[in-house]
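In the working numbering, the protein residues as written are 1309 to 1462. Cβ atoms here follow ideal geometry from the backbone N, Cα and C, with glycine treated the same way. Computed from a predicted structure; not experimentally measured.
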């Protein structure tokens, strides 16, 4: 049986926004490698509650939230419900805006502290964490963005 992974998108899945596109690309790559990848987005509390029940039922091996502020808190809830580790992918907005925001900064730091692993797409994002971010040590990895090309059909 294939491992189950839940990927949380901070934006609707049919959105042309960067995070949704990235999450969809990563899900395709995982599926191509035999992982049973589920991509979820919760626009409201009712949807989040339904996903929490589904995560507890599915028991994914991993919950991966893209964007510490927007998807991270739900990721923490789902990971706890499933008894699974949480991975957070930091975005530029997480470190350049949210981390220093009086209301959002505590949410970002709490989410990062709760994560078993944290990824960033570029060293500049890691560098922008600076003293404002929690100590992540060996839980932090840079995983560069990539692209994939569909066969041309020719």
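Top-ranked residue by Cα proximity to residue i, from the options
i	options	result
residue 1398	1343, 1441 and 1339	1441
residue 1433	1329, 1450, 1421 and 1446	1450
residue 1326	1460, 1453 and 1459	1453
residue 1443	1420, 1460, 1349 and 1321	1420
residue 1318	1411, 1353, 1371 and 1376	1376
residue 1285	1402, 1335 and 1355	Nothing about residue 1285 can be reported from this structure: the residues present for the chain run from 1309 to 1462 only.
residue 1352	1337, 1369 and 1379	1379
residue 1357	1429, 1406, 1341 and 1381	1381
residue 1431	1341, 1363, 1403 and 1324	1403
residue 1458	1333, 1324 and 1328	1333
Proximal residues to residue i (C-beta, below 7 Å), its chain only, five neighbours per side dropped
i	result
residue 1339	1345
residue 1282	Nothing can be reported for residue 1282, as the shown portion of the chain is limited to 1309 through 1462.
residue 1322	none
residue 1387	1371, 1393 and 1394
Contacting residues, own chain, Cβ-Cβ under 8 Å from residue i (five flanking each side not counted)
i	result
residue 1366	1312, 1314, 1346 and 1390
residue 1364	1389 and 1390
residue 1405	1412
Sub-7 Å separation of residue i and residue j beta-carbons
i	j	result
residue 1425	residue 1408	no
residue 1383	residue 1316	yes
residue 1331	residue 1374	yes
residue 1436	residue 1396	no
residue 1385	residue 1360	yes
Beta-ladder partner(s) of residue i, from DSSP
i	result
residue 1316	1348 and 1373
residue 1448	1426
Cβ shell of residue i (< 6 Å), same chain only, five flanking positions each side left out
i	result
residue 1320	1349
Please give the ranges of any alpha helix (DSSP H) in the region 1370-1437, keeping only runs that are unbroken, at least 4 residues long and fully inside the region.
Segments of the alpha helix (DSSP H) lying fully in the region 1370-1437: 1380-1390, 1400-1404, 1413-1422 and 1431-1437.
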